[in-house]
Amino acid sequence: MALKPRYRRRIFWTLVGIIGVFVLAVIIIPPMITLNKFRPVIEKSIYEQMAVPAKLNGDIHFSLVGGATIVAHDVVVPTARIGAVMLSIPFRDFFDLEHAELKKAVVVYDADITIDELAAANFNHTIEIYNSNIDFMGRKFHIVRAKFSNGEFNGIIRTANHKYDVEFSGDTFSIENKNNNLEMTGQIYSDGTIRGHVSIETDDINSWFGFDAPRTSRPIKLSTNFEWSGGNSYKLTNINTDHISGNIEILPNGEKNIQLVSEDIDYDFSFLKNPGKLIHKTNLNIDFYGNLKFDKYKFNHLRIQAVGESDKLQIANVVIDDIAITGGTISADGADNLMITMPIDGVNSMCLFSGTPQKWNCAVFSYGDISGNISVDGDTFDITILSDTPMPETNKFLNDIKKLGSRGRVSFQFSDIGGIYEIDEKETRVSYNFAKNKTLDFMGANIPFLPDFMKSDRGDFAWRGGMLTFTPYSGNWQLSQYDNYFYLTGNSFKAWFPNIDLQSINDSKYTISGFYQDGKISNLTLRLGDYEFVGSASDDSITLHTPVLSIDAFINQAFIDNYAELEFRTNEPLLILFNIPAKISLSAQSLIYNGNEYKNFVYSLKPNAQTFSIMDADRGNMLATIERDKTNYEIFVQLNQFVINGWLLSENMPLNIRDTMITGQIAMNTNGQIAHDIYYNLRGNLDLTFDGGVISGFGFDEFYASAENITSFNAEYALARALTGGETKLKQLQIIGDYERGNFITTAPAKISMRHTDGVGGFAITDGFMTAEFDLTLRGTAPTPATIQLSIMPDNTRAYSLSDIMRQIDPGFMRAFVKTHDKF
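In terms of the working numbering, the sequence shown is residues 51 to 874.
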């Protein structure tokens, strides 16, 4: 039967009330009630059924909708901290939690899970994970969703940049990222190790594999086998990417072994300038060919065998094209002790390199036979060079040096030269320590008057304390120089004049010193043997002075002894001086010639004239000139009271004069090229006056000295003796005459005066023999003495007549005359 409306309303509200109570009991009331007091019971049940020790730190709520559901907050298990875990149990077990049986899946939210090793998981219950984080071997992953069930795992995991589809089934797994064609498959072994294969195509290889250097932005297609220990070590084998193949191994202690090869690749190795932690504990074995780069350098081949240590790379062996590097390290601070060998311009070279491209040094370097060290700081260099070979051509040497910078210092020592170059943008200055097998041209020596043989002689330069010394290999001379001062020594001054016949002069050692500048020499000092000359030189003019000049010391006695032969083979010694290529002015306080000393000697040599002068207050004056015109010579001599010692003529002459004083002049001319011709062709005239001295061939002094003993009976004998020989003091002799080819004849009456005797006459010398005729007056033999005519023959026989004088001679008058005329 049908219910009445009021009953239906009563039943409805009763049902509503029941439902309300149920909703209140199932939905509203449970969240307001916690099961915190059952925490130990629930923790125990979880452990017994899931074998997971769990610590429930937060509130534990429950829900009865759809069965009994327990939600625990802030749960800690050994490998994770979980925000919330939802567990389902049968409704009937809600009031018996100690024996409650977990059913369905265990759901995990907001977990922070730490995984130290990877092993196949096998849970008794299905586990679902949402919105959780995983710290796996130090790397961060985010689980969007994942499910463990019956030994299988399916899930979506993200990193900061990528999303992965991950599947595990028993001990096999696969990981995919379709955006980058990432495929990773492998197997997990019971010992926790993993082996598999991975392939990927990406333009962000750095983020995929988690390394910062070297930065690589180009697309890369990579495939490789891998082995992972489940801990901190793994191997990549049969790597194949971008023309690169090889193997990479990371050991448990963090050491890495990298072995890569490529036959054709474009790659920039500049990251090795700052190797950092990328190469820490890394054994590199790389062999690349292709278009390669390091910093600003490009090359085609690179082989590296090296070990990374903290922040540096320990080099075992590196090959860059034809450059080989052995030993040393590279760090962010630069290189240290890299042994680099390479050809430079085809020459084998080596450098023990340290530093950076901007500031570096070669503690030891070699270039062929050259060795030393190099230091470069920006544009400045400091170089030391040693070699047993000769120095290269200077310009090329300096140009090669300037490739290292625009300024610096080069200390060099080759087999033939050593010194220092100071180089800057404006100039190159050089100072030397030594130079071998060079000529004076090497130093640009500009010392006037140096002979050609010195300029061409090869020898060694040496520098000591600023003093430069050149020693030729001939050993015949040596030149030293300090700034503008020079000091030249030699064994033979004749060597200065190789084309001049100086056999009439004694050779001797010599020294020449002075200050030279712009072709001029000041403070010039010349020492020949024991004689020193001082003066100056300018261009081709030389001025010298010496206290004493001994002609005797310079004359070669052997030349004089052999003159009869040598006169046909050499020029006259005085005329030879015309061949000296200089203008000379020479003065001496004293001149010694033939044992006689003369004061104030002056000599001048010009290309076509020689001048000799003596101005001696005690011995008189002399001025002589020789002028040349090709092989013709004009000779002029002026004498003023000029004293000579010794005999004037050869000793075989019947009349001769010694120790006299000459006043007058001589004018001669001659021509020829040998000494014989010069004397043979000599001709001219003489006008000379001889004052004082002794004339031989007359014995008048003895005649008058015997006046007390002369009588009429012996007077004739005494006169004859006086006319045929002896010596007589000369008052004066005046002669004027002509000389030609060794012969002389008076051209005007010769006047002679002696003590108490006067004469007039003439004489001639022909072929070395003398003839003479004099009219002699012997004063005091009579009041009016008679004249004696004397003729002297070439054989020194005398012809005279005493008849006139004997008729007039008065011995008594002569004795009185001598007594009253005792003055000369």
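Just so you know, even glycine gets a beta-carbon here, dropped at the ideal spot from N, CA and C. Model, not experiment: these values are computed from the prediction.
- Boundaries of the beta strand (DSSP E) around F203: 202-208.
- In this structure, DSSP gives N695 an extended state, which the three-state scheme calls strand.
- Secondary structure at Y850: coil, using DSSP grouped into helix, strand and coil.
- The C-alpha of K331 is placed about 15 Å away from the C-alpha of K285.
- Annotation for G862: the continuous alpha helix (DSSP H) segment containing it runs 861-870.
- Distance from the Cα of E615 is smallest, within the candidate group A725, N644, L594, for A725.
- One Cα belongs to R848, the other to N793, and the distance between them is close to 21 Å.
- If you look at S637, you'll find it in the beta strand (DSSP E) that goes 633-643.
- A distance below 6 Å between beta-carbons, with the five flanking residues on each side excluded, links K197 to the following residues of its chain, in chain order: E178, N204.
- Under DSSP, the beta-bridge partners assigned to S249 are E233, S273.
- Shown here, S360 sits in coil according to DSSP, grouped into three states, outside any helix or strand.
- In this model, F748 and I859 are separated by some 19 Å (Cα to Cα).
- Distance between D419 and G396, taken at the CA atoms: about 13 Å.
- Where P597 is concerned, the enclosing beta strand (DSSP E) starts and stops at 591-600.
- Beta-bridge partners assigned by DSSP to A196: I179, G205.
- With fewer than 16 neighbouring CB atoms inside 10 Å of its own CB, K680 falls in the exposed class.
- Non-local beta-carbon contacts of Y653 in its own chain, meaning distances under 6 Å to residues more than five positions away in sequence, involve L636, F662 in chain order.
- It is roughly 44 Å from the alpha-carbon of R459 to the alpha-carbon of Q309.
- Note that the C-beta distance between F431 and N423 is not below 8 Å.
- With 16 or more other CB atoms across the displayed protein chains lying within 10 angstroms of its CB, A161 is buried.
- Comparing C-alpha distances from R508 to each of A385, V868, D466, G516 shows the shortest one belongs to D466.
- If you ignore the 5 residues before and after N387, its C-beta comes within less than 8 Å of the C-beta of G377, G378, T379, L402, F403, S404, A413, all in its own chain and listed in chain order.
- Residue pairing for Y535: DSSP places it in a beta bridge opposite Y532, F565.
- Only residues of its own chain outside the window of five on either side were considered, and among them F565 have a CB closer than 6 Å to the CB of Y535, listed in chain order.
- Shown here for Q715: same chain residues with a beta carbon closer than 6 Å to its own, the five before and five after excluded, namely Q688, D737 in chain order.
- In the structure shown, the three-state DSSP call for N227 is strand.
- As the crow flies, the alpha-carbon of A768 is around 25 Å from that of A800.
- Rounded to the nearest whole angstrom, the C-alpha separation of V248 and N275 is 6 Å.
- In this structure, DSSP gives S572 an extended state, which the three-state scheme calls strand.
- The residue among G579, H595, Q607, G340 with its C-alpha nearest the C-alpha of S586 is H595.
- In the three-state scheme derived from DSSP, where H, G and I count as helix and E and B as strand, K452 is classed as helix.
- According to DSSP, Q723 shares a beta bridge with no other residue.
- The residue among D254, N288, S182, T222 with its C-alpha nearest the C-alpha of R208 is S182.
- D679 has N682 as its beta-bridge partners, per DSSP.
- Counting along the chain, Y317 sits inside the beta strand (DSSP E) bounded by residues 306-318.
- Three or more Cβ pairs closer than 8 Å define a contact, and the segment 642-661 falls short of that threshold against the segment 566-582.
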